[in-house]
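Chemist:
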Amino acid sequence: MTAGREPVLEVLEPGLLAIVQDLGRPGLGAMGVGRAGAADEGSFRLANRLVGNAELAAAIEFVLGGLAIRFRRTATVALTGAPADVRAGERAAAFNAPFSVRAGEVLRVARPARGLRGYLAVRGGLGVTPVLGSRSWDSLAGIGPPPLRAGDLLPLADDHDGEPFVDVAPVRAPLPPLSGAATLRVLPGPRADRFAASALDRLFVSAYEVTADSDRVGLRLAGPPLPAAPGVAAELPPEGMVTGALQVPPSGRPVLFLADHPVTGGYPVVGVVLTADLPLAAQLRPGDEVRFRPTAPAAGVGGGGPVAAASGARWRRPLRG
Amino acid sequence: MRTSELHVLPCGDHAILVELDDLEDVLALNAALRGHEPAGLVDVVPAAETLLIMFDPGVTSVERLTDYLARLPDERLTADETPLVEIPVRYDGPDLDAVAEATGLSADEVVRRHAGTTYTVAFTGFAPGFAYLTGLDPRLALPRRENPRTRVPAGSVAIADRYSGVYPRSGPGGWHLLGHTDAVLWDLDRTPPAALVPGTRVRFTVRGRDGRR
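Just so you know, the protein sequences line up as chains A and B, in that order. Residue numbering for the first sequence follows the working numbering, beginning at 536 and increasing consecutively. Residue numbering for the second sequence follows the working numbering, beginning at 227 and increasing consecutively.
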């Protein structure tokens, strides 16, 4: 998976799961290829900014710490996401601030107390070979550089864009609260009308628990099921799915789609989590509680119902054939 | 004549779902959008009766996008103007006899009906490059297998429900396997990697059957 460059990072321990991610491969949905990309995009972007990388640079997304990487050359790095203890060689380091790891030193990230995903950006970005224009691993499609294993060697690219001049970013990762449920805002639709009237109430008053079979495809949620309206089938013809969609399979238990969600699906989507709340969704770990709050469409987000087409548009009247 | 209208459903803050009457309209709107891409367009996903349109909310809005869609010219192609892909098939699939039994047809008749029609790629999904082909002879419509296989070989030509499809890569699957093809339908080193995209017409040709032909 190297692109003919001298490797700089040597993976000693990948922890539970360590993968290469960038901003993904949008635009290929018609071919059945999803976007993938960093699950907590906010933390990912911050890590790249802290080391002066370009937006498109690839970083490591890792789950619940346990990461150990030896650097063969001195490099500037930054860690963001679920904060945990960090050591570069014998020195303590911190999240949300760039620092140097010297040649031969091992960078170790411990298990975070809260949150799920961390990001390690290295100045220059990871130089693994892109697939379909992206260095992201798509766990559902099996496209991109596969999960890192002990012994993997990673080169760096030249994806920097300025100098790292920020000492520390005064931000916090989107983390679930110390106690109680995380709250995610939801825009109802596109298929809210397929559910019983009581189902929406139930969705918005209940607490759901993130279950252990959650992954980058989606958060599987345990809690009160959301029944279909009387006489409405639990399935519908397949339609396109978005990140943040709350899809409800026949069990009635919603799945919140994350970065590696299927491109199309045949179960109705009761609502979609706001883009701004997706980083928090990506930081929820099994056992965490989550609540959903309905939100009205912001100006410019709405629709629903027929829109008169201008003369000349004939989507219901073929011009030919 | 019915009035012309678009039915737009909200789909979060970065997408809309346009409901259309049928696949023909889905493919027509998809082609029009591809031919005249509006600013802020991120991705378009055609499906059976809908077109999902993802956009960058920093660049455009639901109103602007909806207005744009309504003004798009309808430049749909006639059937013989759309690309046709021929896929040679060796009809030796492990489910051929079971399909014959379930449909009350002979195996030869199943093959004749499967290869005797022109399909259209309706949409993709399930796996990269996996195309759902409409146009299946209604006599061959069967629900998926009760017990999906854990591994279906790449190139398997299969049917389920109202669709036919070809597994572009090996993986799990619950469709009925009628045969296989050596045609490479998914190649990451090719641009585009998928041979079958929505709107493409497909014809299966009989390359052999179980050593009998």
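No residue lacks a Cβ here, since even glycine has one placed at the ideal position from N, Cα and C.
(1) Note down, in chain order, every chain A residue with its Cβ under 8 Å from the Cβ of B:Ala265.
(2) Count the other C-beta atoms from every protein chain shown that fall within 10 angstroms of the C-beta of A:Arg584, then say buried if there are 16 or more, exposed otherwise.
(3) Can a CB atom of chain A be found closer than 7 Å to the CB of B:Asp269?
(4) So with Cβ pairs under 7 Å, would you call A:Val790 a contact of chain B?
(5) In angstroms, rounded to a whole number, what distance separates the CA positions of A:Val767 and B:Asp363?
(6) Applying a beta-carbon distance threshold of less than 7 Å, which residues of chain A neighbour B:Phe281?
(7) Quick one: grab the DSSP three-state call for A:Ser578.
(8) Kindly indicate which three-state DSSP category A:Arg707 falls into: helix, strand or coil?
(9) At 9 Å on the CB atoms, spell out the chain A contacts of B:Thr350, in chain order.
(10) Kindly indicate the opening and closing residues of the beta strand (DSSP E) around B:Ser390.
(11) Can you find the residues in the same chain that come closer than 8 Å, C-beta to C-beta, to A:Glu590, ignoring five residues on each side of it along the sequence?
(12) Go ahead and pull the three-state DSSP assignment for B:Asn373.
(13) Excluding sequence positions up to five away, which residues of its chain have a Cβ less than 6 Å from the Cβ of B:Leu310?
(14) Quick check on A:Gly779 - is its C-beta less than 7 Å from some C-beta in chain B?
(15) Need the endpoints of the alpha helix (DSSP H) that B:His340 sits in, please.
(16) Label B:Ala254 either buried or exposed according to how many other C-beta atoms from any shown protein chain fall within 10 Å of its C-beta, with 16 as the threshold for buried.
(17) Pick out whichever of B:Gly361, B:Gly355 and B:Pro374 has its Cα sitting closest to the Cα of A:Gly677.
(18) B:Ala241 to B:Val288, Cα distance in whole Å?
(19) Determine, for A:Pro709, whether the minimum Cβ-Cβ distance to residues of chain B falls below 7 Å.
(20) What number of angstroms, rounded off, separates the C-alpha of A:Val721 from the C-alpha of A:Arg828?
(21) Buried or exposed for A:Ser671, going by 16 or more other Cβ atoms inside 10 Å?
(22) Since A:Ser669 sits in a beta bridge, which residues does DSSP pair it with?
(23) Can you name the residues of chain B whose CB is closer than 9 Å to the CB of A:Ala573?
(24) Could you tell me whether any Cβ in chain A is nearer than 7 Å to the Cβ of B:Thr360?
Modeler: Concretely, from the data shown:
(1) Residues of chain A passing the Cβ test: none, with the nearest at roughly 14 Å.
(2) By the neighbour-count rule (16 or more Cβ atoms within 10 Å), A:Arg584 is buried.
(3) By this cut-off, B:Asp269 is an interface position.
(4) With 7 Å as the cut-off, A:Val790 does not count as an interface residue toward chain B.
(5) Each residue's Cα considered, the two are about 27 Å apart.
(6) Chain A residues near B:Phe281: none, gap ~10 Å exceeds 7 Å.
(7) Looking at A:Ser578 - three-state DSSP - the assignment turns out to be helix.
(8) In the structure shown, A:Arg707 falls within a coil segment according to DSSP collapsed to helix, strand and coil.
(9) By Cβ distance, chain A contributes Gly564, Ala565, Met566, Gly567, Val568, Val798 and Thr799.
(10) DSSP places B:Ser390 in the uninterrupted beta strand (DSSP E) bounded by Tyr389 to Val392.
(11) Taken in chain order, the residues that qualify are Leu558, Arg580, Asn583 and Asp696.
(12) Here DSSP, grouped into helix, strand and coil, assigns B:Asn373 to coil.
(13) Excluding positions up to five away in sequence, the list reads Arg427.
(14) So, interface residue.
(15) Going by DSSP, B:His340 is part of the alpha helix (DSSP H) stretching over Ala333 to Ala341.
(16) Answer is buried; the Cβ neighbour count reaches 16.
(17) Out of B:Gly361, B:Gly355 and B:Pro374, B:Gly355 has the C-alpha closest to the C-alpha of A:Gly677.
(18) One alpha carbon belongs to B:Ala241, the other to B:Val288, and they sit about 8 Å apart.
(19) Contact of A:Pro709 with chain B is not assigned, every C-beta pair being separated by 7 Å or more.
(20) The straight-line gap from Cα to Cα measures roughly 6 Å.
(21) The residue is buried, with at least 16 neighbouring Cβ atoms inside 10 Å.
(22) A:Ser669 pairs with A:Val666.
(23) Correct list: empty, because the minimum Cβ distance to chain B is about 16 Å.
(24) No, no contact with chain A.
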